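Peer 1:
Number of protein chains: 2
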Amino acid sequence: MPQDRTDTRPGERQVDLDLADDAALRFIGRIRTPFLTRADCPRQGRLDGPECRLELNPVWEAALDGIEAYSRLEVIYWLHQSRRDLVTQSPRHDGRTVGTFALRSPVRPNPIGTARVHLVRRERAALVVRGLDCLDGTPLLDIKPDRCDFTPKAGEKAADLA
Amino acid sequence: MPQDRTDTRPGERQVDLDLADDAALRFIGRIRTPFLTRADCPRQGRLDGPECRLELNPVWEAALDGIEAYSRLEVIYWLHQSRRDLVTQSPRHDGRTVGTFALRSPVRPNPIGTARVHLVRRERAALVVRGLDCLDGTPLLDIKPDRCDFTPKAGEKAADLA
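What follows is the structure in structure tokens.
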């Protein structure tokens with residue numbers, strides 16, 4: 000994992016941590032974007048941004064069935080180039096810091112990215128979408144209907160009516 | 000991990016998978032909710048739902064600094080009781096199925112939950128929030144300002160102006 004732990008800006012604070020091993024992830028595919036370097040990545044994706052592809056391992060193809068019913072999806076991915084040990088960060092390199100959880104920086108204890116995207120079309124085990132801001136080759140973790148679009152398919156239960 | 004792989008409903012399809020080991024997670028704390036069983040959990044959280052607590056490991060306390068500036072947060076957590084091998088699921092138990100990625104079910108290859116919550120207050124290394132729907136004791140993975148509320152702290156870069 001290419002995590003450069005020496006690149007700490009003035010004021011930033013890091014912690015020493017044991018190896019992460021509380022749970023394990025399985026990459027379900029890769030994300031193809033036009034962003035080949037960090038400088039290419041917009042800070043936040045836009046629904047009118049360029050087309051990107053979510054390319055799934057074919058074992059998951061049937062898991063996309065029914066997804067065309069949604070125009071907005073939530074995409075979850077692994078920010079594989081991010082260090083994970085910063086408690087406070089200095090986004091403007093000026094010595095002023097803010098806590099990691101008060102930022103949407105890719106540098107976090109669990110570098111999980113989430114994006115809301117527009118579904119353009121499905122191609123077998125791949126989806127073409129707009130709205131991503133991540134590097135080409137980013138490992139894909141999950142796809143789900145955006146919560147604003149989604150009405151639960153299961154019947155109501157008592158806890159929903161409280 | 001209490002994953003019951005025998006509980007497959009008519010029409011659902013599972014796959015055999017190797018052990019997940021593409022990346023590892025570090026739980027940053029636990030979520031305390033009033034929902035003690037799956038039946039207690041609403042299908043989706045509501046911003047006017049009951050108060051819940053995000054209790055962080057104290058090593059991350061300073062990582063919350065500055066978070067009071069946001070009233071809406073994105074919370075990411077690990078659905079630790081979910082099985083991970085279903086490709087299609089039958090939410091209504093009626094033999095009709097839909098792909099896992101067309102559902103917001105907790106059963107997914109990487110059982111990561113995301114919620115948009117209202118920040119009520121901070122208490123040192125804990126946050127009191129409304130809007131969760133997960134079980135009491137759910138492992139916490141990440142907290143970030145909701146993307147709708149958040150303006151990047153770092154300066155603009157060329158990729159933002161494209």
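Protein chains in written order, with numbering that gives the first Met the number 0: chain A, 0 to 161; chain B, 0 to 161. Cβ coordinates follow ideal geometry from the N, Cα and C atoms, glycine included. None of these values were measured; they are calculated from a predicted model.
1. Measure the beta-carbon distance from B/Arg-37 to B/Leu-102 and round it to whole angstroms, keeping in mind my assumption that it falls under 8 Å.
2. Using only CA atoms, which one of B/Asp-21, B/Val-128, B/Pro-108 and B/Arg-82 lies nearest to B/Gly-44?
3. Using a Cβ-Cβ distance cut-off of 8 Å, determine whether B/Pro-9 contacts chain A.
4. Specify the secondary structure class of A/Leu-142 as computed by DSSP and reduced to three states.
5. Going by DSSP in three states, B/Leu-63 sits in which element: helix, strand or coil?
6. What residue from A/Val-86, A/Arg-115, A/Thr-99 and A/Cys-147 has the CA that sits closest to A/Asp-47's CA?
7. Tell me the DSSP bridge mates of B/Ala-22?
8. Roughly how many angstroms lie between the CA atoms of B/Asp-17 and B/Val-86, to the nearest whole one?
9. Could you work out which residues of chain B lie near A/Asp-6, taking near to mean beta carbons separated by less than 9 Å?
10. Can you give me the C-alpha to C-alpha distance between B/Asp-64 and A/Gln-88, rounded to a whole angstrom?
11. Kindly list the residues whose CB is nearer than 6 Å to the CB of A/Gly-10, restricted to its own chain and excluding five residues on each side of it in sequence; keep chain order.
12. What is the rounded straight-line gap between the Cα of A/Phe-100 and the Cα of A/Pro-57?
13. Whole-angstrom Cβ separation of A/Phe-26 and A/Pro-138, contact assumed at under 8 Å?
14. Can you check whether the C-beta of A/Pro-41 is within less than 8 Å of a C-beta belonging to chain B?
15. Grouping DSSP H, G and I as helix and E and B as strand, with all else coil, what is B/Ala-124?
16. Distance cutoff 8 Å, beta carbons only. Does B/Glu-122 sit that close to anything in chain A?
17. Buried or exposed for B/Asp-157, please, with buried defined as at least 16 other CB atoms from any protein chain shown within 10 angstroms of its CB.
18. B/Pro-1: buried (16+ other C-beta within 10 angstroms of its C-beta) or exposed?
19. Please state whether DSSP places B/His-92 in a helix, a strand or coil.
20. Measuring straight from C-alpha to C-alpha, what distance separates B/Ala-68 and A/Cys-51?
21. I want to see whether chain A comes within less than 8 Å of B/Ala-61, judged by CB atoms only; does it?
22. Is A/Val-14 close to chain B, meaning its C-beta is less than 8 Å from at least one C-beta of that chain?
23. Excluding sequence positions up to five away, which residues of its chain have a Cβ less than 6 Å from the Cβ of A/Val-14?
24. I need the DSSP call for A/Arg-12, collapsed to helix, strand or coil.
25. Take A/Gly-130 and list the residues in its own chain whose beta-carbon comes closer than 7 Å to its own, dropping the five residues that flank it on each side.
26. What residues from the stretch 84–105 of chain B come within 7 Å of chain A, judged by C-beta to C-beta, listed N to C?
27. Taking only three categories from DSSP, how would you classify B/Met-0?
28. On the DSSP bridge assignment, give the partners of A/Thr-137 in chain order.
29. Ends of the beta strand (DSSP E) at A/Pro-76?
30. Tell me the DSSP secondary structure of A/Arg-83 in three-state form.
31. Pull the bridge partners of A/Ala-114 from the DSSP assignment, please.
32. Is B/Leu-53 closer than 8 Å to A/Asn-109 when the C-beta atoms are compared?
33. Is A/Val-58 helix, strand or coil when you go by DSSP?
34. At the 8 Å Cβ level, is A/Leu-46 part of the contact set with chain B, yes or no?
Peer 2: The structure says:
1. At roughly 16 Å, the Cβ-Cβ gap does not stay under 8 Å, so B/Arg-37 and B/Leu-102 are not in contact.
2. B/Val-128
3. no
4. The question names Leu, but residue 142 of chain A in the sequence shown is Ile. A/Ile-142: strand per DSSP, three-state reduction.
5. helix
6. A/Arg-115
7. A/Leu-24
8. 15 Å
9. Neighbours of A/Asp-6 on chain B: none; closest Cβ ~15 Å, over 9 Å.
10. 10 Å
11. Ser-89, Gly-94 and Thr-96
12. 35 Å
13. 4 Å
14. yes
15. coil
16. no
17. Note that residue 157 of chain B corresponds to Ala in the displayed sequence, not to Asp. Its Cβ having fewer than 16 others within 10 Å, B/Ala-157 is exposed.
18. Below a pLDDT of 50, predicted positions are generally treated as unreliable, and B/Pro-1, at 48, falls in that range; the measurement from the model is reported next regardless. Exposed, since its Cβ has fewer than 16 Cβ neighbours within 10 Å.
19. coil
20. 33 Å
21. yes
22. yes
23. Asp-84 and Val-86
24. strand
25. Gly-44, Arg-45, Leu-46, Gly-48, Ala-114, Arg-115, Val-116 and His-117
26. Val-86, Thr-87, Pro-90, Arg-91, Val-97, Gly-98, Thr-99, Phe-100, Ala-101, Leu-102 and Arg-103
27. Any reading at B/Met-0 is ruled out, since the residue's pLDDT is 44, under 50, leaving its predicted position unreliable.
28. A/Ile-30
29. This sequence places Tyr at residue 76 of chain A; Pro is not what is there. Segment 71–77, the beta strand (DSSP E) holding A/Tyr-76.
30. coil
31. A/Val-74
32. no
33. helix
34. no
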